[in-house]
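Engineer:
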Amino acid sequence: MDESKNKRYWNEYQKEIADDKFFYERSCIRQTFFPGSEAAFLKIMREELGKDIRDEANQHTCTGIGYHSDIVPLETTMTVVARLFSLMTDAGYENYVPSCVTSFGIFTEMVEMWKEHPEMLEKTRKYLKEATGRDFEAPKNIAHPSDIIYKYRFELKEKMKYQLVNRFTGKPLRVVEHIGCHYAKIFPEKGIGKAEFPYVLAGMIEAWGGEVVDYPERRHCCGFGFRHYLLQENRGYSVANTKKKFESMEPFEPDFIVTNCPGCSMFMDKWQYTIAEMENKTYDKDGYGIPVLTYEEMAGMLLGYDPWKLGMQLHQVQVENLLDKIGIPYKPNEKYRGANGEILPSPEKPMNLKV
Amino acid sequence: MRKFGFSISQTRSIDLDQIDFSCLDELREAVPTFMVCINCGACTATCSAQQFSDFNIRKIKTMLMQGQYEGLAKQLDKCMLCGKCTLVCPREVNLRNSIVNMRRILTKKNK
C-alpha cells in the first residue's frame, strides 16, 4: 500500500479537537485520588500552551458511576448533564473538556442521543427549567484532555526538560499505554485512532521518546467495570481482569503504565497492592510493582514539574525508581509535605509490596 | 495474607499452549474419522440419552478438543451405545466407536 493511501486512511481515524476557549469539568475520582493531575493539566494549558480554560467552581458529578451501575435513570443523567452544560453556556464557552473518560462517554452519549431523539432534548430542557430555572446549549466540541495534550504533544516536547529515556542504558523507556473503555469503545469515531487503533497515549509516548509495549491483552478492560467492584463480594472478578493484563504484560518488562481514565489509573495501581498482599506476587523484577501514571503526570514530570506537586506520591506503587531512571530530581524529605506546609505522617507500609 | 473480604476469581480462559492433548491424540489414532467432524450436531439431535439427561455428544467433542477432561468420564457413562448418532452422521464419523474409546482413554488417564 502506498504512503498517500495510508495517510488518507489514517485521516479517517482522527477527530476534531477545538483550538482554544475550553470549559473544564473535573472528575470525582481524580479529584480524590490524583488531584495533582488536574492541577497539572490546567497549568499545562494556561502556562505552557497559553490556552483559555475555565475551571468552574459550581460543577458537580455527571452521575457516571451511578448511571453505569443502573442506580441513576437515564432522564436524571440527562438533566444533570444539561445542568453542567448550562454552566458552560452561562460562562460563554462552547468547547467542553471533561477530565474523566466516563464523563466523556456520558456527555458524548447524551449529545448523540439528543441528536437522534430531539424529543428527549426537549424533555431534558423542560426538566432542567423546572428543577433549576436554567437553560443550556449542547457543546460544539467535546474533547477529552488527553486529546488536547495529544494534539499539542510536539509543542510540549519542545518545552520538556526530560525524555522517556533510561539514562543508565540510553534506551527508550518501555511504556504500557491503557486507554479507558469509554474513550473510544462507546463511540469509536470520538477517539483518536477510533476503537481499532487507539493512538492518543501511544502518540504521546512515541513523541516524547518512549517505546510503546504491544502485549496480548493490551485492549483488555482494566477491571474497573463499575458494578463489578461496588460490592465487596464481586471484587474478585474485577481484580481477575487486572491480573490477566499484568500477567500478559509481565514478560515485556514495562517501566511504567500510563492511562487516560481515572478508574484504570486507580485499579491498575491499587490492585497491584491487593495481588501482592493476597498472592505475594508483583509484576516487576524487584518487588516494587509497575508504576501507574496519568498522562498529565507523564507530561508534567517531563516538563520538569516537582513530582510531589504532581501528586505522584499518592499512588500505591511508588515512583522513585522511575524518576531515577529518567534522571528527574526529587526531595525524599518533601514527599509527604501537606498543602499547609506541615510534614504529614508517612502511610502504613504494605506487607509484601515494597515501597 | 491480608483478608480483603473477597478472593481473586480464577480465569476461565483456555490457554491452548498449556493444554495436555494426549487424550485427543490417542483418540485420533484409534478413531481417525473423529477428526472429520463438522460440529453439525446431528448426533446430539438424534441421541436417545440426551432426551432423558444432559448428555451432549457435540459438547463432549468440544470439551475434548479443548483439553477439558474434568467431568468428562461421568458424562460419557450416560451414553447407551445405541449407535443412532453413527447412523445419522453426514461425515460418517464412527461415533459409537469414539465413545467406547473415549471411555477407555479417560479411564486409563484417571487411574
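Residue numbers (the numbering used here), protein chains in the order written: chain A, 18 to 372; chain B, -2 to 108. For each residue, glycine too, the CB sits at the ideal point set by N, CA and C.
Considering just the uninterrupted stretch of the beta strand (DSSP E) at residue 52 (chain A), what are its terminal residues?
Structural biologist: Counting from one through the first sequence, the residue named residue 52 (chain A) turns up at place 35. Premise fails: residue 52 (chain A) lies in the alpha helix (DSSP H), 52 to 60, not in any beta strand (DSSP E).
Engineer: If contact is defined by three or more beta carbon pairs under 8 Å, each pair taking one atom from either stretch, is the region 28 to 37 of chain B in contact with the region 74 to 92 of chain B?
Structural biologist: They touch, by the three-pair rule.
Engineer: Leaving aside the five residues before and after residue 96 (chain B) along the sequence, list all residues of the same chain whose C-beta is less than 7 Å from its C-beta, in chain order.
Structural biologist: Here residue 96 (chain B) refers to the residue found at position 99 of the second sequence. 73, 76, 78, listed in sequence order.
Engineer: Just curious, the alpha helix (DSSP H) that residue 39 (chain A) is in, first and last residue?
Structural biologist: The count along the first sequence starts at 1 and reaches residue 39 (chain A) at position 22. It is not in any alpha helix (DSSP H) - residue 39 (chain A) instead sits in the beta strand (DSSP E) that spans 39 to 42.
Engineer: Between the alpha carbons of residue 23 (chain B) and residue 292 (chain A), how many angstroms are there, rounded?
Structural biologist: Here residue 23 (chain B) refers to the residue found at position 26 when the second sequence is read from its first residue. Here residue 292 (chain A) refers to the residue found at position 275 when the first sequence is read from its first residue. Going from the Cα of residue 23 (chain B) to the Cα of residue 292 (chain A) covers about 40 Å.
Engineer: Can a CB atom of chain A be found closer than 8 Å to the CB of residue 16 (chain B)?
Structural biologist: As a working mapping, residue 16 (chain B) is identified with position 19 in the second sequence. Cβ-Cβ to chain A under 8 Å: no for residue 16 (chain B).
Engineer: With a 10 Å radius around its C-beta and 16 neighbouring C-beta atoms as the bar for buried, classify residue 12 (chain B) as buried or exposed.
Structural biologist: Stepping through the second sequence from its first residue, residue 12 (chain B) is reached at position 15. Result: exposed.
Engineer: Measuring only from the beta carbon, is residue 76 (chain B) closer than 7 Å to any heavy atom that is part of the ligand PLP?
Structural biologist: Summarising the ligand content, the structure contains no ligands, and the ligand PLP is consequently not present.
Engineer: Would you verify that the beta carbon of residue 11 (chain B) is, or is not, closer than 8 Å to some beta carbon of chain A?
Structural biologist: On the second sequence, position 14 is the one that residue 11 (chain B) refers to. Chain A, which has no Cβ nearer than 8 Å to the Cβ of residue 11 (chain B), makes this no.
Engineer: Give a yes or no on whether the minimum CB-CB distance between residue 57 (chain B) and chain A is below 8 Å.
Structural biologist: Sequence index remark: in the second sequence, residue 57 (chain B) carries index 60 (1-based). No, no contact with chain A.
Engineer: Indicate whether at least one CB of chain B lies closer than 8 Å to the CB of residue 262 (chain A).
Structural biologist: Along the first sequence, one-based indexing puts residue 262 (chain A) at 245. Not an interface residue.
Engineer: How would you write the range of the alpha helix (DSSP H) that residue 83 (chain B) sits in, first residue to last?
Structural biologist: Counted from its first residue, the second sequence places residue 83 (chain B) at position 86. Where residue 83 (chain B) is concerned, the enclosing alpha helix (DSSP H) stretches over 81 to 85.
Engineer: I'd like to know if residue 43 (chain B) contacts chain A, where contact means its C-beta is closer than 8 Å to some C-beta of that chain.
Structural biologist: As a working mapping, residue 43 (chain B) is identified with position 46 in the second sequence. No - not a single Cβ of chain A is within 8 Å of the one on residue 43 (chain B).
Engineer: Would you mind working out which of A:176, A:148, A:166, A:130 sits nearest residue 62 (chain A), comparing C-alpha positions?
Structural biologist: Taking the first residue of the first sequence as 1, we reach residue 62 (chain A) at position 45. Comparing Cα positions, the closest option is A:166.
Engineer: Run through DSSP, which three-state label would residue 151 (chain A) get?
Structural biologist: Here residue 151 (chain A) is taken as the residue at index 134 of the first sequence, counted from 1. Note: residue 151 (chain A) maps to coil in three-state DSSP.
Engineer: Name the one or two DSSP bridge partners that residue 47 (chain A) has.
Structural biologist: Along the first sequence, read from residue 1 onward, the residue named residue 47 (chain A) stands at position 30. DSSP output for residue 47 (chain A) lists no bridge partner at all.
Engineer: Given a cut-off of 8 Å, decide if residue 27 (chain B) and residue 107 (chain B) are closer than it, judged by their beta-carbon atoms.
Structural biologist: Working through the second sequence from its first residue, we reach residue 107 (chain B) at position 110. Working through the second sequence from its first residue, we reach residue 27 (chain B) at position 30. No. Outside cutoff.
Engineer: How is the beta strand (DSSP E) around residue 195 (chain A) delimited, first residue to last?
Structural biologist: As a position in the first sequence, residue 195 (chain A) is number 178, starting the count at 1. From DSSP, the beta strand (DSSP E) with residue 195 (chain A) extends over 191 to 195.
Engineer: Going straight from the alpha carbon of residue 43 (chain A) to that of residue 76 (chain A), what length do you get?
Structural biologist: Here residue 43 (chain A) refers to the residue found at position 26 of the first sequence. Here residue 76 (chain A) refers to the residue found at position 59 of the first sequence. Looking at the two C-alpha atoms, the distance is approximately 8 Å.
Engineer: Quick one: Cα of residue 235 (chain A) to Cα of residue 250 (chain A), how far?
Structural biologist: One-based indexing of the first sequence puts residue 235 (chain A) at position 218. One-based indexing of the first sequence puts residue 250 (chain A) at position 233. If I take the Cα positions, the gap works out to 27 Å.
Engineer: Note down, in chain order, every chain B residue with its Cβ under 7 Å from the Cβ of residue 291 (chain A).
Structural biologist: Position 274 of the first sequence, counted from the first residue, corresponds to residue 291 (chain A). By Cβ distance, chain B contributes 1.
Engineer: Can you list, in chain order, the residues of its chain with a C-beta nearer than 7 Å to that of residue 288 (chain A)? Leave out the 5 residues immediately preceding and following it.
Structural biologist: Sequence index remark: in the first sequence, residue 288 (chain A) carries index 271 (1-based). Contacts found: 240, 256, 259.
Engineer: So which residues of chain B does residue 256 (chain A) contact, with C-beta pairs closer than 7 Å?
Structural biologist: The sequence position of residue 256 (chain A) within the first sequence is 239, counting from 1. Result: 5.
Engineer: Note down, in chain order, each residue of its chain lying with its Cβ closer than 6 Å to the Cβ of residue 123 (chain A), except the 5 sequence neighbours on either side.
Structural biologist: Stepping through the first sequence from its first residue, residue 123 (chain A) is reached at position 106. The answer, listed in chain order, is 79, 81.
Engineer: Can you give me, in chain order, the residues of the region 233 to 249 of chain A that have a beta carbon less than 8 Å from any beta carbon in chain B?
Structural biologist: So the list reads 249, given in the order they occur along the chain.
Engineer: Considering only DSSP beta bridges, list what residue 72 (chain A) is partnered with.
Structural biologist: Here residue 72 (chain A) refers to the residue found at position 55 when the first sequence is read from its first residue. A:41, per the DSSP bridge assignment.
Engineer: Can you check the region 218 to 286 of chain A for any beta strand (DSSP E) of at least 3 residues that lies completely inside it and give the ranges in chain order?
Structural biologist: Fully enclosed beta strand (DSSP E) runs of 3 or longer: 273 to 276.
Engineer: With distances taken Cα to Cα, identify the nearest neighbour of residue 329 (chain A) among A:358, A:50, A:25.
Structural biologist: Counting from 1 along the first sequence, the entry for residue 329 (chain A) is found at position 312. For residue 329 (chain A), the nearest C-alpha among the options comes from A:50.
Engineer: Tell me, to the nearest whole angstrom, how far the beta carbon of residue 211 (chain A) is from that of residue 201 (chain A); I am working on the premise that it is less than 8 Å.
Structural biologist: As a position in the first sequence, residue 211 (chain A) is number 194, starting the count at 1. As a position in the first sequence, residue 201 (chain A) is number 184, starting the count at 1. Indeed, because the Cβ distance is near 6 Å, the residues count as touching under 8 Å.
Engineer: Suppose you measure from the CA of residue 410 (chain A) to the CA of residue 149 (chain A); what does that come to, to the nearest Å?
Structural biologist: In the structure displayed, chain A extends from 18 to 372; residue 410 (chain A) sits before or after that span and is not available.
Engineer: Run through DSSP, which three-state label would residue 209 (chain A) get?
Structural biologist: As a position in the first sequence, residue 209 (chain A) is number 192, starting the count at 1. In this structure, residue 209 (chain A) counts as coil in the three-state DSSP scheme.
Engineer: Who does residue 159 (chain A) pair with in a DSSP beta bridge?
Structural biologist: In the first sequence, residue 159 (chain A) corresponds to position 142, counting from 1. DSSP, once it has assigned bridges, lists A:113 as partnering residue 159 (chain A).
Engineer: Out of A:298, A:33, A:282, point me to the one whose CA is closest to residue 264 (chain A)'s CA.
Structural biologist: Looking up residue 264 (chain A) in the first sequence gives position 247. The candidate whose alpha carbon is nearest that of residue 264 (chain A) is A:298.
Engineer: Indicate the three-state DSSP secondary structure (helix, strand or coil) for residue 309 (chain A) in the structure shown.
Structural biologist: Taking the first residue of the first sequence as 1, we reach residue 309 (chain A) at position 292. Looking at residue 309 (chain A) - three-state DSSP - the assignment turns out to be strand.
Engineer: Does DSSP put residue 372 (chain A) in a helix, a strand or coil?
Structural biologist: Along the first sequence, one-based indexing puts residue 372 (chain A) at 355. Reduced to three states, the DSSP call for residue 372 (chain A) is coil.
Engineer: According to the neighbour-count rule (16 or more other Cβ atoms, all chains shown, within 10 Å of its Cβ), is residue 134 (chain A) buried or exposed?
Structural biologist: Your numbering for residue 134 (chain A) matches position 117 in the first sequence. By the 10 Å Cβ count, residue 134 (chain A) comes out exposed.
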